[in-house]
Every structure is written in structure tokens, then in C-alpha cells.
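Numbering (the numbering used here), first residue to last: 586 to 1026. Backbone N, C-alpha and C fix where the C-beta goes; we use that ideal spot for every residue, glycine too.
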């Protein structure tokens, strides 16, 4: 890459940055805090800014998350996208194994998790640091990183990004309660990002009706005390799940000139697969002596953001054969069931017994809270016969910090067996994978 190419990169660079961030492209503060609501574009801007900074001068930047394996699909991917947008991806040395990016001028980004502390200690000459999802860290982590940045380069900076959570979190205490001296603090929300699709904006606004506290956090970027109940977006409702599905099928049948009954049977009719948004999902959580085995069946309308929970079982002392027999008795043996991945042996045994389409849930860092947040974006109707589901929704609460008396962003480890099964079953919707509509029961 020559000087002419380098000049072209910067000519219209500022135009690619959201207007709300342009004045922060060249800052002098050592600590730069970018926080606020979801979808505000803060992480993208920090990536843009640091690419700009390191292209202008040869530097070494450490990019941090609490857990290293979460970096690859988040900020590492964001950097690759940005370098592509700038037209210099092919001029960079991108090591996807070690997760490093060397720019054409020799500047380097090193991506690490704090779970790899020894390797971080061995990195010399750090000029800048980026901390993604800073609420995952603690104050001690931040202090140590701040002390690590001690090279001789001018304008050394730490850039911090996060969505606010409870006031118990260290970022609130450090930057808002104690008012960290000399820090630049910038708050933005989705309203500052003119490029967001309408569907994403709607998903954020839906939280206002289903979970106001979470809406205040993700829409308004506020540090908000969580409500006691994890789910406030549900109600008990008498409904016929077949009728709920029929309501969606009728206009499709009319449009195609078909009889609605023949269109609905079988459920794997390819015409329905192409046109319907309401799909069946099933989840299973394993238990035995103290904890129950829990199964849940529900219908999801992803477009209108509605879930209808219409069947369950909830029993202790169940062997895998008992689980299979009960699922078969209820008519769900041919359905795709997403089960707790902590018991691969049980999943394999159930598959051999006859649940051919049972799958393991995908778990990872913060999978519980991510699953909860996704379900909070729906209106949930629970059939009165699902008494154990109702019991769990009534009693599933956030944990309270004993010192501050504030509810924190972590649920209790109780009254969660049906809810765990619900999270597993909803993975097909949340992760964007199609779940086949199966044979009629």
C-alpha cells in the first residue's frame, strides 16, 4: 500500500462515521467511555477510530474481553469488516488463529481474553487498549489494564464500551458515582444510529410493553434497577393452539384458493413452510432426584413477537425411558426437541429410544442472560393447564446484592427448570435457524 492509497483511505473517512461520534475521532483523554443503549453504533465507532489512529502512527493496541473465545465473533469480526470497508483488508496481515491484525504500516491489534492473563502479562509496549463489554470485568481488571499501558508513545488511551446494567456494577461506581477524574464519557442510544433497520428498532421498543426496566437499559441507556421478577411480559390465557395457528393459515389458504384444513395437514406442507411465521418449538431440561425433568411445548410468532405455551411436564425421578414414554404419549416423539447439552449421554439414549430429532442446546458465556433477554422481547401467553410453567414465571426472580439491596443482572438458580427448557427450545428462533413444522399430532 503506497502513500496515495493511504491518502484515499482518509479522504472521505469522516463521512462513514455516524454524526454523533465525529467530534470524538481525535480525543486526548486517557480514558474514553462509550456507553448507552443497544444498537447505538458505539462499538463500530471505536473500531473506526482506532483503525484511523493506528493507520496514522505505528502503535500496538490490546483488545480485551473477559472471556477470550467470545472475541472472535464480536469485535474481531467488527475489525475485519471495517478494514474491508476501508479497502485495505488485503493489505493487512490477519492471523485468525492467534487473533492478531497487523496494518500496512506495522501497527498491530492483539485480541485477548482476561482468562489468558499470563499471555497478556507477556505483551510489551502496549500503547492503547480497547475493552469490549466492560461490565463483564471488575474494577481490579480495569486497574491492572490501566497500569499495563505504560509505553513511551504519546496519547495513550483506553476505550471502554458497554450497555449499562445495574448500579451495582463496577462501571457505575467508577465512572458515575466516583466520577473518574479526566475520563471522557459519551452516552448514545439507538436513536443516534440512522442506519438501524426498522425491525431492530421495533424489537427494542417492544421491551417497553413487556419489560420496562430492560427497555430503560437497552433503549435509553440508563442504569436501571431491575424488577424483582425476571419476566413481567406474560399472562395466563385460555386458548386453542390449533385455532391460533389456523388464524394464520386462513388468509394464506384464501389467497391460494385452497381449503384451510387440507393446507394445514400435513404440517410440513412446503407452502406453509414458505409463508408461515408461527412455528412449533419444544425444549427439555434434565433432572432426577431434587430437580425435575421439565418439558415445554410452545408456538412462536416471530413477526408479531408472541409465544403461546400450551403443554408441559414437570416430574422428579424420571429415567430416560420414562421421559421418552411421556413425550411419545403426548405425541411429540417426531418433533425437534432442544435439550440440555450438559447431558449428552441422556440425549443419545433418548435418540436411540426413538426421539430421532432431539438436539443439544448451544451453551456459552452468558447464554442464560442472553436467552432471558430474547424471551423478554416477546408477549408470552401461558395456557392455564401449564400450572408448573405459571408457578415458575411467578417465582423466577433476579438475585439481590446483599450489600446494596439492589437487584443484579443475574437470576436465582431456582424456579427455572421449565424456563430453561423454554430457553433451549427458543434457540431455533433466537439463532435464526428454521425449525421444521412436523407431522400433526
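Exposure label - residue i; buried when at least 16 CB within 10 Å
i            : result
residue 711  : buried
residue 980  : exposed
residue 751  : buried
residue 878  : buried
residue 633  : buried
residue 775  : buried
residue 625  : buried
residue 782  : exposed
residue 914  : exposed
residue 780  : exposed
residue 1031 : Only positions 586 to 1026 of the chain appear in this structure, which leaves residue 1031 out of reach.
residue 999  : exposed
residue 989  : exposed
residue 947  : exposed
residue 888  : exposed
Coil, strand or helix - residue i by DSSP
i            : result
residue 747  : strand
residue 1006 : helix
residue 895  : strand
residue 1035 : One cannot answer for residue 1035 here, as it falls past the ends of the chain, which runs 586 to 1026.
residue 905  : helix
residue 931  : helix
residue 1013 : helix
residue 884  : strand
residue 924  : strand
residue 643  : coil
residue 943  : coil
residue 615  : coil
residue 870  : strand
Member of the options whose CA lies at the smallest distance from the CA of residue i
i            : options             : result
residue 818  : 965, 872, 1003, 785 : 965
residue 961  : 737, 938, 796, 759  : 796
residue 685  : 671, 657, 700       : 657
residue 742  : 769, 798, 908       : 769
residue 823  : 760, 896, 735       : 896
residue 996  : 923, 704, 815, 949  : 815
residue 938  : 905, 968, 872, 799  : 905
residue 968  : 825, 756, 900, 675  : 825
residue 777  : 787, 756, 805       : 805
residue 1010 : 929, 907, 998, 894  : 894
residue 907  : 640, 820, 931, 927  : 931
residue 623  : 884, 923, 926, 749  : 749
residue 693  : 915, 635, 653       : 635
residue 920  : 927, 898, 944       : 944
residue 687  : 807, 989, 647       : 647
residue 725  : 707, 807, 755, 735  : 755
residue 674  : 689, 682, 683       : 689
residue 874  : 714, 654, 899, 739  : 899
Alpha-carbon to alpha-carbon, residue j and residue i
i            : j            : result
residue 597  : residue 660  : 23 Å
residue 668  : residue 637  : 10 Å
residue 691  : residue 802  : 40 Å
residue 953  : residue 1008 : 8 Å
residue 651  : residue 841  : 53 Å
residue 784  : residue 1014 : 15 Å
residue 753  : residue 837  : 50 Å
residue 703  : residue 758  : 28 Å
residue 662  : residue 679  : 11 Å
residue 620  : residue 903  : 47 Å
residue 882  : residue 1004 : 11 Å
residue 695  : residue 611  : 21 Å
residue 606  : residue 744  : 14 Å
residue 861  : residue 828  : 14 Å
residue 982  : residue 976  : 12 Å
residue 728  : residue 701  : 17 Å
residue 788  : residue 890  : 8 Å
residue 705  : residue 645  : 13 Å
residue 615  : residue 867  : 50 Å
residue 834  : residue 730  : 57 Å
residue 1037 : residue 617  : Outside the modelled stretch of the chain, which goes from 586 to 1026, sits residue 1037, for which no answer is possible.
residue 985  : residue 991  : 6 Å
Starting from the N-terminal side, write out each stretch of the alpha helix (DSSP H) that is 4 residues or longer and does not extend beyond the stretch 946-1000. 952-961, 972-980
Would you mind listing the beta strand (DSSP E) stretches within the stretch 774-857 that are 3+ residues and don't spill past its ends, in chain order? For the stretch 774-857, whole beta strand (DSSP E) runs of length 3 or above, ordered along the chain, are 819-821.
Taking the runs of the alpha helix (DSSP H) that are 4 residues or longer, which of them lie wholly in the stretch 685-752? 702-706, 724-733
What beta strand (DSSP E) runs, 3 residues minimum, are completely inside the stretch 651-690? 678-680, 685-687
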